[in-house]
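Following: one structure in structure tokens, then a few remarks.
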Amino acid sequence: MSRSERRGRSLGGVRAWLGHHLETIWLLGLLTSAVALGALVVKL
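For our numbering, count along the sequence shown from 1 and bump the result up by 9.
Dropping the structure here:
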């Protein structure tokens, strides 16, 4: 196996992992922004 093949495989793994966890990441981002927005509203 060549070096570029190995890199391609790990990149594919990362892409697959991202696709698998995209909903979780999106929900975490939504939660974070909601908390930040809530903190801003409380400060005002």
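Where a beta carbon is used, it is the ideal one built from N, C-alpha and C, also for glycine.
All figures in this text were calculated on a predicted structure; none of them were measured in a lab.
Span separating the alpha-carbon of residue i from that of residue j
i     : j     : result
Ser42 : Ala48 : 10 Å
His30 : Gly17 : 20 Å
Arg12 : Gly28 : 24 Å
Lys52 : Gly38 : 21 Å
Beta-carbon contacts of residue i that lie in its chain and below 8 Å, excluding the five residues immediately before and after
i     : result
Ser19 : none
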